[in-house]
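Asks:
Numbering (mature numbering (1 follows the signal peptide of the UniProt record, and there is no 0)), first residue to last: -19 to -1, 1 to 272.
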C-alpha cells in the first residue's frame, strides 16, 4: 500500500501510533474516533456530536443521542470525509500508543535501583543493620530524635563524602558514602554531595514507605554550606544574579530543592573532628556523628 495519496500528496497511512491522547495535544482536531465504542465525534459549537458506525453502508451516521461536552479518553484524532451513505474514516489511522505500566518494586532496594543514574550512585553504598521498613518506623517516632551528620573530603582532585544517621540512644540506623563529581572539586562541593545524599535517601524512603518524617537534625561542619541552605530554602529564587556563577550551583540547587520538600529537617553547624581534642565518650551526640 502506498504511503502517500497521489491526488493530494498527503500521507495515506500513518507511520506510527499517537504518542499522546487527544486531551494532551495542543492542536484542536475536528474529528475524533473512539475505538472502544466505534463512535466518530464531530466538533461543533455546542460540543461533540456522535456518529455511530453502520455496517451496511460501512460508514458513520449521526445518532439521536445528545451532544457531549467532553470526549472519552480513548479517543484519538482522525481524518474524515463524507460519502454517499455517510462519513468515512480512511483506514490506517492508528490508535494512541499505550504507556508502559511501571513495575512495582518488591522492596526499597529495587526502588532505589529504579532511580536515575545520579541517584543510584549517590545511594549506592548504603549500609544498615535494619530493614528499611524498620528504619522508616523509627523515623516516624519523634521520641527517637533522629540526627545525621555529613562530611566530605578531596584527595588528588577526587571528592568523596560520607554520612551517618542515628537515634538519641546512640543506635546507628544507616550510613552512606560515595564519590563526589564536578570541577573544580573542593571540600565545599564534596560536603554538599553528602548533604544531598542524606536528603535524597530520606525523600525516597518517605515516598516508598508513605513516611511522615519526625523532626530530624542534619549537622555539617561547613558553616557556609549550612548558612546557604538555610537562607535559600526560604527563597523562591536566587537573591543575587551572580549566584548562578558559583561552581557548585548544580548540587546546591539539588540540596535546596530537597530541603524545601522536607520541611521537617533542620540544618545545623557542628565543629568538625573534635575527637582530636576531647575523648570520644565525652563528645556530644552531633560531634560523635562527625568523627
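Glycine is no exception: its CB is placed at the ideal position from the N, C-alpha and C atoms.
Remember, predicted model here, so these are calculated numbers, not experimental data.
(1) Would you mind reading off the limits of the alpha helix (DSSP H) that contains residue 190?
(2) Report, in whole angstroms, the separation of the C-beta atoms of residue 155 and residue 116, which I expect to be a contact under 8 angstroms.
(3) Buried or exposed: where does residue 31 fall if 16 or more other Cβ atoms within 10 Å of its Cβ makes it buried?
(4) Locate the beta strand (DSSP E) running through residue 154, then write down its first and last residues.
(5) Please state if the CB of residue 148 and the CB of residue 127 are separated by a distance shorter than 8 angstroms.
(6) Could you give the distance in angstroms between the alpha-carbon of residue 119 and the alpha-carbon of residue 190?
(7) With the cut-off set at 8 angstroms, would you say residue 15 and residue 43 are in Cβ contact?
(8) Which class does residue 47 belong to by DSSP, given the choice of helix, strand or coil?
(9) Tell me whether the region 154 to 170 and the region 87 to 95 touch, counting them as touching only if at least three CB pairs, one residue from each stretch, are closer than 8 angstroms.
(10) Write down the C-beta distance between residue 145 and residue 197 rounded to the nearest angstrom, noting that I regard them as a contact closer than 8 angstroms.
(11) Can you find the residues in the same chain that come closer than 7 angstroms, C-beta to C-beta, to residue 192, ignoring five residues on each side of it along the sequence?
(12) For residue 179, which residues in the same chain have their Cβ closer than 8 angstroms to its Cβ, ignoring the five residues on either side in sequence?
Replies: According to the structure shown:
(1) 168 to 190
(2) Confirmed, about 6 angstroms.
(3) buried
(4) If you look at residue 154, you'll find it in the beta strand (DSSP E) that goes 153 to 161.
(5) yes
(6) 12 angstroms
(7) Contact flag unset, no.
(8) coil
(9) no
(10) With a Cβ gap of about 13 angstroms, residue 145 and residue 197 do not count as contacting.
(11) 117, 120, 121, 186
(12) 129, 131, 144, 146, 157, 199
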